[in-house]
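Encoded as structure tokens, the structure appears first; notes follow it.
Numbering (this note's numbering), first residue to last: 324 to 537.
Here you go:
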């Protein structure tokens with residue numbers, strides 16, 4: 324589950340926050356358009372497929388989910404769970420286990436450290452335009468981000484739809500031959516959301532035990 328959160332939030336952080344100036348002019352132009360377009364949205368919703376490939380253990384699993392994000396807040400539905408964060412607190416509701424876990428958002432943890440790195444590409448990554456290709460009848464830009472310092476992964480490949488300037492796929496390549504892919508199936512913006520959309524009220528789930536880790 325942690326790897327899923329890392330890939331999803333990394334993807335959405337790339338989409339919403341943009342990039343520092345990049346020495347590859349082609350990559351820079353493309354990513355600047357992505358950032359400019361994304362900043363016009365109040366919120367984003369993605370229906371996606373998440374794929375994990377572990378070649379060494381012959382594992383190839385794909386699961387579907389959806390996520391809504393606004394700034395550093397998100398509401399994720401995946402694997403029967405609802406994971407929600409208002410940027411300060413995170414709630415994980417598992418109906419099958421009849422449990423709601425509450426914890427503080429710790430931005431010093433690896434996953435959020437990863438996010439801090441990925442939003443400052445110029446300092447932490449070398450960005451390179453690879454090619455323009457056709458997928459599903461659409462022109463797609465392919466850009467590789469390679470970390471300047473040693474990480475468990477050696478490359479993040481992102482694909483950007485030329486027409487809409489939206490990232491529709493991100494792949495993290497781990498050094499241990501494990502790849503994580505986040506592919507967008509449907510994309511919506513500027514949804515009308517309730518004021519409490521980015522939190523979970525345990526009182527609404529009386530059958531679930533509350534585990535407060537704060």
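Every residue, glycine too, gets a C-beta built ideally from N, C-alpha and C.
Being a predicted model, the structure only gives us computed values, none of them experimental.
Subject >> residue 504 - DSSP class collapsed to helix/strand/coil >> reply: strand
Subject >> Proximity of residue 453 and residue 465 at Cβ, strictly below 7 Å >> reply: yes
Subject >> Start-to-end residues for the alpha helix (DSSP H) that takes in residue 353 >> reply: 348–361
**OP:** Pull up the distance between the alpha-carbon of residue 486 and that of residue 419, whole angstroms please.
**Re:** 42 Å
Subject >> Rounded straight-line distance, which links the Cα of residue 481 to that of residue 275 >> reply: Lying outside 324 to 537, the shown extent of the chain, residue 275 is not represented and no answer is given.
Subject >> Spatial distance of residue 378 from residue 477 (CA atoms) >> reply: If I take the Cα positions, the gap works out to 16 Å.
Original post:
Residues in its own chain within less than 6 Å of residue 500 by CB, not counting five upstream and five downstream?
Top reply: 378 and 379
**OP:** Determine, using beta carbons only, whether residue 373 and residue 505 come nearer to each other than 7 Å.
**Re:** yes
Original post:
Which residues does DSSP pair with residue 372 in a beta bridge?
Top reply: 387 and 506
**OP:** Compute the distance between the beta-carbons of residue 366 and residue 514, then report whether it is under 7 Å.
**Re:** yes
Original post:
If you draw a straight line from the C-alpha of residue 468 to the C-alpha of residue 527, how long is it?
Top reply: C-alpha separation (whole angstroms): 43 Å.
Original post:
Is residue 408 helix, strand or coil when you go by DSSP?
Top reply: strand
Original post:
Should residue 536 be labelled buried (16 or more other beta-carbon atoms within 10 Å of its own) or exposed?
Top reply: exposed
Original post:
DSSP state of residue 470, grouped into three classes?
Top reply: strand
**OP:** Go ahead and pull the three-state DSSP assignment for residue 426.
**Re:** strand
Original post:
For residue 496, which of 351, 362, 353 and 375 has the nearest alpha-carbon?
Top reply: 375
Original post:
Straight-line CA distance for residue 518 to residue 462?
Top reply: 38 Å
Original post:
Going straight from the alpha carbon of residue 460 to that of residue 370, what length do you get?
Top reply: 20 Å
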